[in-house]
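There are 2 protein chains.
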Amino acid sequence: MAEAQEMAALDVGGFHGPVVCALVGITYRQLDYWARTGLLRPSLVEAKGSGTKRVYSYQDVLELKVIKQLLDSGISLQSARRAVDCLREELGADLASANLVLTSTRSVLARSNGEVVDLLAGGQGVFNIVPLSGVVDELAADIVRIERGEPVTRRQGEAAPHVGVRPRAAGE
Amino acid sequence: MAEAQEMAALDVGGFHGPVVCALVGITYRQLDYWARTGLLRPSLVEAKGSGTKRVYSYQDVLELKVIKQLLDSGISLQSARRAVDCLREELGADLASANLVLTSTRSVLARSNGEVVDLLAGGQGVFNIVPLSGVVDELAADIVRIERGEPVTRRQGEAAPHVGVRPRAAGE
DNA sequence: CTGCGTAGTTACGTGAGCGTGATATCGCGG
DNA sequence: CCGCGATATCACGCTCACGTAACTACGCAG
Numbered sequence: 001m002a003e004a005q006e007m008a009a010l011d012v013g014g015f016h017g018p019v020v021c022a023l024v025g026i027t028y029r030q031l032d033y034w035a036r037t038g039l040l041r042p043s044l045v046e047a048k049g050s051g052t053k054r055v056y057s058y059q060d061v062l063e064l065k066v067i068k069q070l071l072d073s074g075i076s077l078q079s080a081r082r083a084v085d086c087l088r089e090e091l092g093a094d095l096a097s098a099n100l101v102l103t104s105t106r107s108v109l110a111r112s113n114g115e116v117v118d119l120l121a122g123g124q125g126v127f128n129i130v131p132l133s134g135v136v137d138e139l140a141a142d143i144v145r146i147e148r149g150e151p152v153t154r155r156q157g158e159a160a161p162h163v164g165v166r167p168r169a170a171g172e
Numbered sequence: 001m002a003e004a005q006e007m008a009a010l011d012v013g014g015f016h017g018p019v020v021c022a023l024v025g026i027t028y029r030q031l032d033y034w035a036r037t038g039l040l041r042p043s044l045v046e047a048k049g050s051g052t053k054r055v056y057s058y059q060d061v062l063e064l065k066v067i068k069q070l071l072d073s074g075i076s077l078q079s080a081r082r083a084v085d086c087l088r089e090e091l092g093a094d095l096a097s098a099n100l101v102l103t104s105t106r107s108v109l110a111r112s113n114g115e116v117v118d119l120l121a122g123g124q125g126v127f128n129i130v131p132l133s134g135v136v137d138e139l140a141a142d143i144v145r146i147e148r149g150e151p152v153t154r155r156q157g158e159a160a161p162h163v164g165v166r167p168r169a170a171g172e
C-alpha cells in the first residue's frame, strides 16, 4: 500500500533522475550535463546540493526523448537546443499528430503531413524531420513498464521500434 | 594565353586545396582535417609530403558542398561520413534532381519528391533531407566566378541562396 | 540519533574537430 | 641553379560532450 502510494506520486507528474534515464535511454551523466548546461532543467524541482533530488515532469521527459532521437540520428546538441526552444513555444499543439521540422536557420512544428510536403517544396537548406507520434506512444508504454519494475533495457544508440505509426497518403 | 591554359587545366577536372576552400566555403584546416581523417580524400592527386599539392575532382567538390550543408544544419561529421558513402555508391544518379535522405540507421537517394513523401509516411526515426539541386547549381555558378578572379565571399555558417528551386505539388 | 542507501557534486580524463602559428618542402620564375 | 611564394605538415592548445571514480550530503529506517 505504501508502495502504491509512491507509484501514485510518480503518476501525478514526478520523475527522479535515474528513472528518467531509464525511460529516455540515456546515461545519468548526460542527464546531469544537460541539466547543468541549461539544455533541459527539471521543471518541477531543481537540485539544491548533494543528496537532494531533481524532479522532472512528463513534458520534460518527452522533450528529453526528442533530444535523444536527434542525437541518435546524428544531430548536434547545439541544434537540439533550438529544437527544445521550439517545443517549449508550441506547447498547446497536439504533439502526437505533429512533426518537428528543423532547418539550418529555424525550427517549426508541422501539424499535418501536408505542411511537411509544402516545406519540402520550398526547398531551402536541409530538413530534419522528427515524427513526434512515435515518441509519445513509446513513452506511455515505457512508463507502465517502469512502474511494474521491468527495467526497460533499450540499447544505446539504437532506434527503438516505434508503435502506432500509421502510413498516410500524400494528399491528406 | 598561358593563363587561359591554366584555366583550361582547371576546367578539365582539377581543383587545388585553397580553391576548393573558396568554392565550398570552408577553412583550409577543415579541408586538411577531412583529408587526413579519411572523410574525403582528393580523388585525383593525394598529397605526398610538404610542398606537394592535393588535386580534387568536380565530384569531390560536390560532396564537400553537401558535407558543408550538413554541418551548417547541425549534423555531426560522423553522420556526414555516412552521407558521403551513400553519394559514392549512387554516382550514376542525376544528382541535380534527387534528394539525399539520411535516417538514424541508413542513407538513401530519393529521385523524385514522391519517394520522399513515401519515406515520410513510413515514419521511422528522424529524416535529414538534403535537396541536391541547389548544391549543384550553386557550385556551377561559383566555379565561373572563381575563374574570373572574383573571390566568392560567402559568409561562414550562413545558408547560401539557392538558385533554381522550383516549388512542386505533392502529387507529382 | 545513527547508519545507510541514494542521488547530486567535484575532479580528472578522453576523443572529436577544429584554430593558430611555425616549419618543411616543392616547383616555378628568373 | 637559386630564391621565393604556395602548400602541406607539425606541435600545441582549445571547446564541447561526455565517462569514470571518489566524495558528499540528504533523508529515511531502525
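Heads up: the protein sequence lines correspond to chains S and Y, in order.
In this text, residue positions in the first sequence follow this note's numbering: the first is 1, and each later residue adds one.
In this text, residue positions in the second sequence follow this note's numbering: the first is 1, and each later residue adds one.
For glycine and all other residues, C-beta sits at the position ideal for the given N, C-alpha and C.
These numbers come from a predicted model, not from an experiment.
Per-residue DSSP class, three states only, for residue i
i	result
Y:Gly-17	helix
S:Ser-112	coil
Y:Gly-45	One detail in the question is off: residue 45 of chain Y reads as Val in this sequence, not Gly. Strand.
Y:Val-55	strand
S:Leu-102	strand
Y:Ile-26	coil
S:Ser-133	helix
Y:Ser-76	coil
Y:Ser-107	strand
Assumed close pair residue i, residue j - CB separation to whole angstroms, cut-off 8 Å
i	j	result
S:Ser-73	S:Ala-96	With a Cβ gap of about 20 Å, S:Ser-73 and S:Ala-96 do not count as contacting.
Chain Y within 8 Å of residue i, Cβ atoms only
i	result
S:Asp-72	yes
S:Leu-120	yes
S:Val-117	yes
S:Arg-168	Confidence in S:Arg-168 is poor, its pLDDT being 42 and thus under 50, which makes the residue's placement too unreliable to answer from.
S:Thr-103	yes
S:Ile-67	no
S:Ser-112	no
S:Ile-143	no
S:Ser-76	yes
Length of the line joining the Cα atoms of residue i and residue j
i	j	result
Y:Ala-35	Y:Glu-46	9 Å
Y:Lys-68	Y:Thr-105	21 Å
S:Val-101	S:Val-116	8 Å
Y:Leu-119	Y:Leu-44	36 Å
Y:Asp-137	Y:Asp-60	15 Å
S:Pro-42	S:Glu-63	11 Å
S:Tyr-56	S:Pro-131	23 Å
Y:Val-20	Y:Gln-78	21 Å
Y:Gly-14	Y:Tyr-58	7 Å
Y:Gly-25	S:Asp-85	29 Å
Y:Glu-147	Y:Ala-141	10 Å
Y:Ile-143	Y:Thr-103	32 Å
Y:Lys-48	Y:Leu-39	18 Å
Y:Leu-87	Y:Gly-114	20 Å
C-beta neighbour in chain S for residue i, strict 8 Å
i	result
Y:Thr-52	no
Y:Phe-15	no
Y:Ile-26	no
Y:Val-20	no
Y:Gly-92	no
Y:Val-136	no
Check whether residue i and residue j have beta carbons under 8 Å apart
i	j	result
Y:Lys-65	Y:His-16	no
S:Pro-18	S:Tyr-33	no
S:Ile-129	Y:Ile-129	yes
Y:Leu-31	Y:Leu-139	no
S:Leu-91	Y:Val-126	no
S:Ala-173	S:Ala-121	Residue 173 of chain S is absent from the model: chain S starts at 1 and stops at 172.
S:Ser-107	S:Ala-83	yes
Distance cut-off 7 Å: residue i Cβ against heavy atoms of the ligand FAD
i	result
S:Asp-142	Within the structure as shown, the ligand FAD is missing, as the structure has no ligands at all.
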